[in-house]
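Taken in order, the sequence shown gives residues 3 to 106; the numbers are from this note's numbering.
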Amino acid sequence: MNNHRIHRSVPRKEVQELVSEFERSGLTQREFARQRALKLTTFQYWLYRRAKPKTPALVEVQMPPLLSAGTTHYRLELPGGKVLSFSGPLRGEELKQLCHLLRD
Numbered sequence: 003m004n005n006h007r008i009h010r011s012v013p014r015k016e017v018q019e020l021v022s023e024f025e026r027s028g029l030t031q032r033e034f035a036r037q038r039a040l041k042l043t044t045f046q047y048w049l050y051r052r053a054k055p056k057t058p059a060l061v062e063v064q065m066p067p068l069l070s071a072g073t074t075h076y077r078l079e080l081p082g083g084k085v086l087s088f089s090g091p092l093r094g095e096e097l098k099q100l101c102h103l104l105r106d
């Protein structure tokens, strides 16, 4: 008896369709994978990849600052409706720390 598995690349569209079908099925991951002859860990990886939020890329935006009594105000709208708002001058080290926090 041949114990070798045949590995094939699954097209992204097919993965998306399987994940959507799973979400509607009401089955456990194990049951769904077994019914579709999928390796459970591979199917779980597909689910993880779909659920994992994509990290937004930082994009340089040039706009005139809003001035109020000589203070500069900044407002950054992030994905998911989050808003970062602050005032005053921003030193280079503070900007590095802010970018580091946004990356997490």
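Note that beta-carbon positions come from the ideal geometry of N, C-alpha and C, so glycine has one too. Computed from a prediction, not measured in an experiment: that's the story for all the values here.
query                                                                                                             : result
Could you tell me the distance, in whole angstroms, from the CA atom of residue 44 to the CA atom of residue 100? : 36 Å
DSSP on residue 62, reduced to helix/strand/coil?                                                                 : coil
When the Cα atoms are used, what is the spatial distance from residue 32 to residue 42?                           : 6 Å
Helix, strand or coil: how does DSSP classify residue 85 here?                                                    : strand
DSSP three-state call for residue 30: helix, strand or coil?                                                      : coil
Judging by CA-CA distance, which residue of 39, 49, 78 and 102 is the nearest neighbour of residue 25?            : 49
Counting along the chain, where does the alpha helix (DSSP H) carrying residue 49 start and finish?               : 42-53
For residue 80, name the three-state secondary structure that DSSP assigns.                                       : coil
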